[in-house]
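Structure first, then comments.
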Amino acid sequence: MNFVAMDFETASAKRDSACSLALTIVRNNQIADEFYTLIKPETDFFWRNVQIHGIHAADVADAPKFPAVWEHIQPFFQRDRLVIAHNAPFDTGVLRQTLAHYGISAPEYLSMDTVKTSKKFYPELPNHKLDTMCRALNIELQHHHNALDDSLACANILITEAEQFGAAQLKPFVRVQG
């Protein structure tokens with residue numbers, strides 16, 4: 001399978017407050033590349049979000065704002081490209097709301113939620129959170145809520161599912177975004 005795993009962290013509960021983003025690029029079921037950046041949001045940081053991911057306002061003081069990041073990553077979001085996330089409604093919502101905040105048109109692309117695939121293929125697990133799935137599938141997750149580590153773990157979940165169940169079993173989970 002060829003896809004991009006995406007993970008955002010946000011400064012607050014606002015979906016347009018992205019403060020970090022990671023993409024893990026997978027080609028032929030192999031990790032081919034990674035991208036990580038901090039992002040300077042146009043909102044204040046909420047203490048609870050900082051507690052979760054450890055990113056503070058000072059950490060992003062010199063980081064680019066999202067439009068500069070979008071120029072770099074936009075080619076990954078095309079009509080025929082698959083972008084996955086663990087709890088995709090959150091990450092696709094952050095992307096959509098952040099683009100809207102800056103007046104950038106949302107692209108049309110294919111998406112898949114590995115929470116949904118995990119619930120289908122591993123119904124016996126007590127929950128399907130990222131850390132639970134990583135433990136169950138013996139996938140390394142170094143720093144949960146670090147966007148790069150989370151996107152890499154998400155990519156490995158889908159690779160494992162494709163290897164165990166076949167890519168054809170995953171196709172019903174693909175949705176069009178945009």
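Residue numbering for the sequence shown follows UniProt numbering, starting at 1 and increasing by one per position. Quick reminder that beta carbons are idealized off the backbone N, C-alpha and C, glycines included.
Can you check whether the CB of residue j is closer than 8 Å to the CB of residue i?
| i | j | result |
| --- | --- | --- |
| Phe173 | Lys116 | yes |
| Phe8 | Leu23 | no |
| Ala11 | Asn49 | yes |
| Glu124 | Val176 | no |
| Ile55 | Cys19 | yes |
| Ile39 | His145 | no |
| residue 181 | Val69 | The structure shown does not extend to residue 181, since the chain spans only 1 to 178, so no value can be given for it. |
| Ala5 | Cys154 | yes |
| Thr114 | Leu158 | yes |
On the three-state DSSP scale, how would you describe residue i?
| i | result |
| --- | --- |
| Arg135 | helix |
| Val69 | helix |
| Ala61 | coil |
| Ile159 | helix |
| Arg96 | helix |
| Gln78 | coil |
| Leu152 | helix |
| Val43 | As written in the sequence, residue 43 is Thr, which differs from the Val given in the question. Thr43: coil per DSSP, three-state reduction. |
| His145 | coil |
| residue 179 | Because the chain here runs from 1 to 178, residue 179 falls outside it and cannot be looked at. |
| His53 | helix |
Please report the distance separating the alpha-carbon of residue i from that of residue j.
| i | j | result |
| --- | --- | --- |
| Arg27 | Arg81 | 12 Å |
| Ala13 | Phe46 | 8 Å |
| Leu110 | Arg96 | 14 Å |
| Asp16 | Ser105 | 14 Å |
| Asp91 | Met112 | 11 Å |
| Pro126 | Thr132 | 8 Å |
| Asn29 | Asn2 | 7 Å |
| Ala88 | Phe77 | 14 Å |
| Leu130 | Ala63 | 27 Å |
| Ala168 | Gln142 | 30 Å |
| Ala32 | Leu152 | 11 Å |
| Gly103 | Lys171 | 32 Å |
| Gly93 | Leu137 | 27 Å |
| Cys134 | Phe165 | 17 Å |
Return the bridge partner residues of residue i from the DSSP annotation.
| i | result |
| --- | --- |
| Ile31 | Val26 |
| Val83 | Val4, Ser111 |
| Gln177 | Tyr109 |
| Tyr36 | Ala22 |
| Thr10 | Ala18 |
Throw me the rounded Cβ distance for the residue i and residue j pair, which I believe falls under 8 Å.
| i | j | result |
| --- | --- | --- |
| Phe121 | Glu161 | 6 Å |
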